[in-house]
Amino acid sequence: MKRRPHWTDDLIEAVKDAISGWCFDHVEGPLYDEDVYPVIAAVEDWHKAKRDSRDRTHSAECWRWHQECAEHLIERQRSTAQRVREACEPFGPMGSIAVWRVLRALDGDNDA
0 MKRRPHWTDD LIEAVKDAIS GWCFDHVEGP LYDEDVYPVI AAVEDWHKAK
50 RDSRDRTHSA ECWRWHQECA EHLIERQRST AQRVREACEP FGPMGSIAVW
100 RVLRALDGDN DA
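So that you can map any letter, position 19 of the sequence shown is 18 in numbering that gives the first Met the number 0, and since no number is skipped, the others follow by simple counting.
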């Protein structure tokens, strides 16, 4: 197994230390970086599969809080966009190129 590019030396050392500390009676000789790659990969792959399958490990209360937080952020963004529209209103959509671009961006035009 090869080292994955995003694995830092600190991660590899932490896993080696954890294995050495936990399994000191069962580990003979030194642990090398390559010895822990399968362990890191297994945990990383398990976590990715869990996330991809949308299995939730949080409580219902936690997810309710996250949903309320997301709804609050969306509402705040909507009200901010409305305030920007109101600030641009006196200039009209063709009042200046900057106002025109702002209004187009708020309308979801990616070319603004």
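Even for Gly, the Cβ is constructed at its ideal location relative to N, Cα and C. Predicted model only: the values in this text are computed from it and were never measured.
Counting Cβ pairs closer than 8 angstroms, one from the region 13-22 and one from the region 34-51, do we hit at least three? yes
Expressed to the nearest angstrom, what Euclidean distance is found between the alpha-carbon atoms of Arg50 and Asp44? As a first step, residue 50 must be located in the sequence shown, where it is residue number 51. As a first step, residue 44 must be located in the sequence shown, where it is residue number 45. So the alpha carbons of these two residues sit roughly 10 angstroms apart.
Would you give the residue range spanned by the alpha helix (DSSP H) that Trp99 belongs to? On the sequence shown, position 100 is the one that residue 99 refers to. Unbroken alpha helix (DSSP H) run through Trp99: Ile96 to Leu105.
Please work out which residues of its chain come closer than 6 angstroms, Cβ to Cβ, to Glu67, disregarding the five sequence neighbours upstream and downstream, and give them in chain order. Here residue 67 refers to the residue found at position 68 when the sequence shown is read from its first residue. Answer for Glu67: no residue qualifies.
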